[in-house]
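Report on the structure given below.
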Amino acid sequence: KRTLQKINLPFNAKKPQDTLSHVVINSLIEHWKDKEFTIFMDNFYSSKYLFEDLLSKGKHCCGTIRANRLSGLPPFERPKQGEFIFFKSKEFEGMYLILFNDTKPVWLLSTKHPPLFTYVKNKNRRGNLIKQGFPHVVEEYNHYAHGVDMCNRLTARYRWPHRTNKWWVALFQYFLQLSIVNSYIWYKEVT
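Going by the working numbering, 169 is the number at position 17 of the sequence shown; the sequence numbering is gapless.
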């Protein structure tokens, strides 16, 4: 809150560098100009322009990115489940775009991780140990970003079907679901 009061937020963004997420992240890293670190971010904040700007300042970043924020990709065939495709940036050395097909396609952009693989031992549905290969960026992103937001995960898993033309009814039902999930979490904490 204090950071947002100090900066002028450009609501009429003309350049891609003037977006709200770009300004907020740049203002947050001003305090650590001399330190070396990696930023892990969600697809709400990430964009190609932000990653290029942070890379030019010497800061590494990694995160999921929305497909509509990508342009100029070569034609490619969608990978099968569990497979992935690496794209290397022509303009910036060390920037990689990864399409990983988990249960649905996930786009990851990274300025830190080269196309390396890591193998993880998991259990399948029958309880047998299997060795799965993942891009190193996926494994490290899940480790530091702690996977999916649990609130979104629980509300999406236990969502009941609703159809309406009124926006406020959908919003009311979302908040009702959110209160049910939060009350369940509170009940588990107390008992």
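Backbone N, C-alpha and C define an ideal beta-carbon position, used for all residues, glycine too.
Would residue i and residue j qualify as a contact pair, given that the criterion is a beta-carbon distance under 8 Å?
i      : j      : result
Leu268 : Lys275 : no
Ile237 : Phe228 : yes
Trp184 : Leu222 : no
Thr190 : Lys273 : no
Gly210 : Ser198 : no
Going straight from the alpha carbon of residue i to that of residue j, what length do you get?
i      : j      : result
Leu207 : Cys213 : 8 Å
Val333 : Arg315 : 21 Å
Asn253 : Gln329 : 29 Å
Phe324 : Arg305 : 19 Å
Met247 : Asn178 : 19 Å
Asn317 : Val289 : 41 Å
Tyr339 : Leu249 : 42 Å
Glu182 : Pro231 : 39 Å
Tyr336 : Asn294 : 25 Å
Ala322 : Leu180 : 34 Å
Trp319 : Tyr326 : 11 Å
Ile159 : Met302 : For Ile159, the pLDDT reaches just 37, beneath the cut-off of 50, and the residue's location in the model is therefore unreliable, although a value from the coordinates is still provided. Between Ile159 and Met302, the C-alpha separation is close to 31 Å.
Using DSSP with H/G/I as helix, E/B as strand and the rest coil, what is residue i?
i      : result
Thr190 : strand
Trp312 : coil
Tyr248 : strand
Lys222 : Checking the displayed sequence, the identity of residue 222 turns out to be Leu instead of Lys. In the structure shown, Leu222 sits in coil (DSSP, three-state: anything other than H, G, I, E or B).
His212 : strand
Ser262 : strand
Tyr271 : strand
Lys185 : coil
Lys200 : helix
Thr171 : coil
Lys240 : strand
Ile282 : strand
Asn195 : coil
Which residue's Cα is closest to the Cα of residue i: the options?
i      : options                           : result
Tyr271 : Val175, Gly285, Asp254 and Val342 : Gly285
Glu292 : Ser179, Met193, Ile181 and Lys187 : Met193
Thr255 : Glu245, Gln233 and Lys264         : Gln233
Glu245 : Lys283, Asp205 and Arg277         : Asp205
Tyr310 : Asn220, Leu172, Ser331 and Tyr201 : Ser331
Glu235 : Pro226, Arg277 and Leu251         : Leu251
Val175 : Trp312, Gly279, Glu188 and Leu202 : Leu202
Lys242 : Lys200, Pro257 and Ala219         : Lys200
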